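So the sequence shown is numbered by the working numbering: it starts at 1044 and just counts up by one.
Written out below as structure tokens is the structure these notes cover.
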Amino acid sequence: MIIADLYIDSRFLLTAFPLGFRVDSNNMRLLLCLALLAVFVAAKKKKPHGSSTPASPAAMASGPVNSVDFPVVLPPYYKPQLGPKYNVSASNPKNFGNCLLYLEGVTVIVQNDKSTPSFAAATIGGSDNVTHTYLFNENDVQCQVNSRNSTAANNTRGEYTFNIAMVLGGDVNAVIDKDTYFTIKKGDKVEFELQFNTTSPQYWELTQVTLKSVKINQAGQKPKFIETEYISYTGSLSQKPSAMNVNSVYGYGYGCSDTQGVFFPVNVSGTEYHIGLALHNFQVELYGLYRDEKKGIVQFSRNVNDCIPTFSVGSAMGIVVALVLASVLMFGFLMLNSVQTMDRFDDPKQKQIVINVKE
């Protein structure tokens, strides 16, 4: 087929020359070379079969979306699914800054005041023995660029955002007393954004949580906890997480086994539900990480502000009770120790003992 095409092209080239053109063996070789060049140029210009349309500049700037296994680590340093691209190095995207977020799971809470009980919760991740994933794009992490080089106030002040998009690897149920109240199905996405702000040079806090996507399906319980087939929300719904109380001071990160929830009102068919999110085994540090780019190491610093104080309610009660019991024991011991035995005794053959009041 290729030889035939070249022969036809050479015939066309011959007709293009004047009638006085002498065709000999040398000229035929030249014409065959020209025909081969023409075929090669035409093949380069022709779009290959099955090729895709080039990505737009905006899409190329945002980068690809990658699926990464739990737990959530942002930036995703040393994730096997991403290869060595995001290992710790000086070539990391500048918007990664020197921040780090770790999250093992999220508890999705649904409140329906018309139902009894009015709350039901399902935990994604943690100990549910299901391999969930999260989607990652380089723009999902926005930290202060200059914080990588210095922790001075001018280099760390500003907003820090982490966008978390979880994709369920299996069904997650909200179960109370063996009854399933709602289900988040396999393949559904739960997406939200955490926004931190350094309100002062020595203090930072979680200032806003934005719900972007969630779908909660009705379960087979009667009466049904969710009145419609499902609750679905896609958009941007923001709330101030005052109850979560996620904050820390300069040089410290923040960690919590289970945070308080932040709730978002969602109206479905005239019924208002409140969808809450609570973070499970969560730790974040905006700047001041231990970072060694030569050795490829990044980790949280040792200074962590935990959501559980040094003396919780239970430990404080235990200490108070122990002090009361120790005081009673010490009082009894001192009373017994103050008892004095007699050193003189009555003798009927001798004069009666007279004890003065002073003694």
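Ideal Cβ placement from N, Cα and C applies to all residues, glycine included.
Given the structure is predicted, the values throughout are model-derived calculations rather than measurements.
His1317 is bridged by DSSP to Gln1154 and Pro1308. Tyr1224 is classed as buried because its beta carbon has at least 16 other beta carbons within 10 Å across all chains shown. Here Met1209 is buried. Its C-beta has 16 or more other C-beta atoms within 10 Å. Take the alpha-carbon of Val1356 and the one of Val1341: they are about 35 Å apart.
Contact between the stretch 1180 to 1187 and the stretch 1201 to 1216 is established, with three or more Cβ pairs separated by less than 8 Å.
The alpha carbon of Asp1231 has as its nearest neighbour, out of Asn1260, Gln1383, Leu1117 and Lys1221, the alpha carbon of Asn1260. For Asn1189, there is no enclosing alpha helix (DSSP H), as DSSP marks it with neither H nor E.
In this structure, the beta-carbon distance from Leu1143 to Phe1343 falls below 8 Å. Taking 8 Å as the cut-off, the beta carbon of Gly1140 is found closer than this to the beta carbon of Arg1191.
Beta-carbon to beta-carbon, Val1233 and Val1149 are separated by about 7 Å, close enough to satisfy the 8 Å threshold. Every beta strand (DSSP E) stretch that sits fully inside the stretch 1195 to 1255 and reaches 3 residues is listed by chain position as 1202 to 1210, 1215 to 1219, 1222 to 1227 and 1232 to 1243. Within 10 angstroms of the beta-carbon of Phe1306 lie 16 or more other beta-carbons, which makes it buried.
For Lys1157 and Pro1308, the gap between their C-alpha atoms comes out near 15 Å. When only Cα atoms are considered, Ser1291 and Lys1283 end up about 17 Å apart. In the three-state reduction of the DSSP assignment, Phe1374 falls in the helix class. For Leu1280, the enclosing beta strand (DSSP E) begins and ends at Tyr1273 to Gln1282. Look at Ser1300 here: in three-state DSSP terms it is strand.
For Ile1340, the enclosing beta strand (DSSP E) starts and ends at Ile1340 to Gln1342.
Tyr1333 carries a strand assignment under DSSP once its states are collapsed to helix, strand and coil. No Cβ-Cβ contact shorter than 8 Å links Leu1117 with Ile1167. Separation of Leu1178 and Ser1110 (C-alpha to C-alpha, rounded to the nearest whole angstrom) is 5 Å. Looking from the CA of Ala1321, the closest CA among Thr1241, Cys1299, Ser1170 and Thr1159 belongs to Cys1299.
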